[in-house]
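Residue numbers (UniProt numbering): 1 to 768.
Cβ coordinates follow ideal geometry from the N, Cα and C atoms, glycine included.
Here is the structure we will look at, set down as structure tokens.
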């Protein structure tokens, strides 16, 4: 076969040695000495001195062969074949073969210019026409840069066939955007995959040379295989090379830059407004609306990076439009620990007093505490009226929903425990720098001895992120917690709370989507937290396949694209719809979503096309890579077998801890000389007080004190947490066994006082 990827040149003219520099066979270069101009050398086949790579291929001169040639003239010559290796002769064309072809062509007269040297002949049977390659272009011959590199003269060339009704009127070339006549002529080509897509031949050829074989496709529908096959048949040269924009060094460098400046009027950072320290209070948070303003977390009194923040300009715009107040009302319903997600499954912070509709409180606990729901902190009547239950469901339906969710997560725990049976006792140690969690995790996962089936041990290299009292399980849980938080806020995902995959070419090139999927799978099986930020669309794409998913407007993270879709979706007349389509013509053409608009109802299909392109087709590469990563340890297979169960942990944040949750988590072990019932009553009453905000500690503090973790992992704790009531002075915890040893007291007040004293002082000492 003949390679059409590059452009080379040869010349058989006699050149004096005085006009050349000595060079080795690898360089194949020529100098301009003694007023000798390399561009003046003529091609040995066509005899022209033109150097026009777009039309004739690149022209080069090889000094050791004394030859100059246009690459296309060499490729299309009828009597020569590439018989050598790539490094032999001229790109595989042997010098002896080239000279034989030159001698053969010298006997043939061109049917166009009537001069000798016509090396290209028509392959049509019984056709005797011969011509130079440039003369064939001038006469509108067809040269097929594929297979046997056939050439057809102006009488026998292939033509595109289409109905007569399509051969009228004008259209717009979707490359140059100039008008093109819809006629079956040489200079006009029609897309084989789109009904109303017409192009100038010259525009297509320039695009093919720029895009290369990997990116050359229909500009309307993005079809590649069918489109390239037809264009090659009609004489478009598609070089086997990468796209020109991919070959530019640091071509996308500016896309990797993000705004890093604190714009708050009174910046509190002593190291300046441009100082940014990730995972600390001096990390810079950008405006979630415009992204062109920033603030240090501490300068805006934000406790975590997950909290939303808008700059003053965007806040004023939202305020005028009425969206800002609505947004604030929604955010008040969620706690600080829900990472800013607006999810019905999340509970308020345990530190906040709960009103009478806190239906998660166990009736048994309340009874033993001799308190009624009304005995808790009462809010004024006005406040109670401003906090009604969600109109989406009644208390009963809500309780049933929560119960169903708990059952699903219990089922997930059993599934993950089954997958954990694959994990061996062989250990792999990861040295983690919490201040650079992503790079250190990536390095650990890519080390040669890492295997997902090995038991993972985590060692924090930064002393402030690792405590001497941390158990291996607690360190591992903390590592995965930091890693999942980083993934949620990384450039691999886009969206506010429910996130989809983004399109990051650099991350795709470095295979980071695969690593991210692998990290999620390993976290689930090895006792880490679940991501909890997947959108339903992303989850369904992973489980059911992207071809079976219909995205929604909420899945579009790009504000400009979302605005465009809204303008099309809410167009109330055909004229306004056409005007909107005309205004965003370039965007629709680039997305391959152009379609004729003849009625107002066409907007629905157009909106659907845009959503599918932007949310799904655009990220097919990242999705496939991420899916392969999730196959680690068989997690994706279980997701497809149990979609509802895994959706409860991947698409929703864990529900806030409740007294009932903690009570169910710990198993009370009996002792012969201890009144188990009385101790259990004190324990449940204490949990009730903590949940009601009547304690100095929180339910998270109790869990951290006992297990070293802030939350309950989807797989659960190993071993399962237990409680023993003993005749001891103060509570004792054993994090290796997840065991709490609690004191037996005469009164509940003594029990509560000892619990709070021990938990507060222990955790304070650990933090210090």
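query: For residue 124 versus residue 147, is the C-beta distance shorter than 9 Å?
result: Between residue 124 and residue 147, the C-beta spacing is not below 9 Å.
message: Just to confirm before moving on: does the CB-CB distance between residue 697 and residue 755 stay below 9 Å?
response: Taking 9 Å as the cut-off, the beta carbon of residue 697 is found closer than this to the beta carbon of residue 755.
- prompt: Residue range of the beta strand (DSSP E) that residue 458 falls in?
  reply: Counting along the chain, the beta strand (DSSP E) containing residue 458 begins and ends at 455 to 460.
- request: Specify whether the segment 261 to 272 and the segment 240 to 249 touch according to this definition: at least 3 beta carbon pairs, one from each stretch, less than 8 Å apart.
  value: Contact between the segment 261 to 272 and the segment 240 to 249 is absent, because fewer than three Cβ pairs lie under 8 Å.
- request: Report buried or exposed for residue 116, applying the criterion of at least 16 other Cβ atoms within 10 angstroms of its Cβ.
  value: Per the 10 Å Cβ criterion, exposed.
message: Assess contact between the segment 475 to 485 and the segment 423 to 442, defined as three or more Cβ pairs (one per stretch) separated by less than 8 Å. Is contact present?
response: Yes, since at least three Cβ pairs between the segment 475 to 485 and the segment 423 to 442 fall closer than 8 Å, the two stretches touch.
query: Of the residues 55, 53 and 72, which one's Cα is nearest the Cα of residue 45?
result: Scanning 55, 53 and 72 for the CA closest to the CA of residue 45 turns up 72.
field: At least three beta-carbon pairs within less than 8 Å, the segment 227 to 243 to the segment 131 to 148
entry: Per the Cβ contact rule, the segment 227 to 243 is in contact with the segment 131 to 148 (3 or more Cβ pairs under 8 Å).
Residue 309 versus residue 497: straight-line alpha-carbon distance, rounded: For the pair residue 309 and residue 497, the Cα-to-Cα distance works out to about 13 Å.
Same chain, Cβ closer than 7 Å to residue 491, five either side skipped, listed in chain order: Result list for residue 491: 502, 504 and 507, in chain order.
query: Rounded C-beta distance between residue 521 and residue 629? I'm assuming under 8 Å.
result: Correct: roughly 7 Å between the Cβ atoms.
- prompt: From which residue to which residue does the beta strand (DSSP E) around residue 745 run?
  reply: Unbroken run through residue 745: none, as it is neither H nor E.
message: Below 8 Å on the Cβ atoms is my contact criterion, and I expect residue 511 with residue 625 to pass it. Report the Cβ-Cβ distance as a whole number of Å.
response: Sure, about 7 Å apart at Cβ, within 8 Å.
N- and C-terminal bounds of the beta strand (DSSP E) containing residue 277: For residue 277, there is no enclosing beta strand (DSSP E), as DSSP gives it neither H nor E.
query: Quick one: what does DSSP say residue 350 is sitting in, helix, strand or coil?
result: The predicted position of residue 350 is uncertain, since its pLDDT is 38 and thus under 50; a value taken from the coordinates is nonetheless stated next. For residue 350, the three-state secondary structure derived from DSSP is coil.
Validate contact between the segment 52 to 64 and the segment 127 to 144 using beta carbons, cut 8 Å, 3 pairs: By the Cβ criterion, the segment 52 to 64 is in contact with the segment 127 to 144, since at least three pairs of Cβ atoms, one from each stretch, lie closer than 8 Å.
query: Which first and last residues belong to the alpha helix (DSSP H) in which residue 429 is found?
result: Per DSSP, residue 429 belongs to no alpha helix (DSSP H); it is in the beta strand (DSSP E), 427 to 432.
field: residue 531 versus residue 553: straight-line alpha-carbon distance, rounded
entry: Take the alpha-carbon of residue 531 and the one of residue 553: they are about 23 Å apart.
- prompt: Taking only runs of the alpha helix (DSSP H) that begin and end inside the segment 468 to 531, which ones reach a length of at least 4 residues, in chain order?
  reply: Entirely contained in the segment 468 to 531, the alpha helix (DSSP H) runs reaching 4 residues are, in chain order, 472 to 488, 505 to 509 and 512 to 525.
- prompt: Under 9 Å, do residue 105 and residue 151 count as touching if we go by C-beta distance?
  reply: Contact flag unset, no.
task: Please classify residue 224: does DSSP put it in a helix, a strand, or coil?
output: Per DSSP, reduced to three states, the secondary structure at residue 224 is coil, with no helix or strand assignment.
field: Segment contact, 8 Å Cβ cut-off, at least three pairs: the segment 726 to 734 with the segment 658 to 669
entry: The answer is no - the segment 658 to 669 does not touch the segment 726 to 734, with fewer than three Cβ pairs under 8 Å.
query: At which residue ranges does the segment 568 to 592 contain complete beta strand (DSSP E) runs of 3 or more residues, listed in the order of the chain?
result: At a cut-off of 3 residues, not a single continuous stretch assigned as beta strand (DSSP E) sits fully inside the segment 568 to 592.
task: Report buried or exposed for residue 414, applying the criterion of at least 16 other Cβ atoms within 10 angstroms of its Cβ.
output: Exposed: under 16 other Cβ atoms inside 10 Å.
field: Continuous beta strand (DSSP E) stretch holding residue 285: start and end
entry: Bounds of the beta strand (DSSP E) holding residue 285 are 284 to 286.
- prompt: Where does residue 350 land, buried or exposed, given buried means 16+ other C-beta within 10 angstroms?
  reply: Summary for residue 350: the model assigns pLDDT 38, below 50, so the residue's position carries little reliability; its value from the coordinates is reported in the next sentence. Buried.
- prompt: Terminal residues of the continuous alpha helix (DSSP H) containing residue 96?
  reply: Per DSSP, residue 96 belongs to the alpha helix (DSSP H) from 95 to 105.
message: Would the segment 560 to 571 count as touching the segment 579 to 592 if we require 3 or more Cβ pairs under 8 Å?
response: These segments touch.
task: Could you tell me which residues DSSP puts in a beta bridge with residue 423?
output: In the DSSP secondary-structure assignment, residue 423 is not bridged to any residue.
- prompt: Is the distance from the Cβ of residue 217 to the Cβ of residue 228 below 9 Å?
  reply: A contact, by the Cβ cut-off of 9 Å.
For residue 172, three-class secondary structure by DSSP: Residue 172 carries a strand assignment under DSSP once its states are collapsed to helix, strand and coil.
query: Buried or exposed: residue 359, going by 16 or more other Cβ atoms within 10 Å of its Cβ?
result: Interpretation of residue 359 is limited by its pLDDT of 31, a score under 50 that renders its predicted location unreliable; no figure is taken from the coordinates.
query: Can you check whether the CB of residue 198 is closer than 9 Å to the CB of residue 188?
result: In contact: residue 188 and residue 198 (Cβ atoms closer than 9 Å).
query: residue 619 lies in the beta strand (DSSP E); which residues open and close that run?
result: Premise fails: residue 619 is in no beta strand (DSSP E) and is neither H nor E.
query: Under the three-state reduction of DSSP, which class applies to residue 237: helix, strand or coil?
result: The three-state reading of DSSP puts residue 237 in coil, since its state is none of H, G, I, E or B.
query: Could you give the distance in angstroms between the alpha-carbon of residue 486 and the alpha-carbon of residue 650?
result: One C-alpha to the other measures close to 16 Å.
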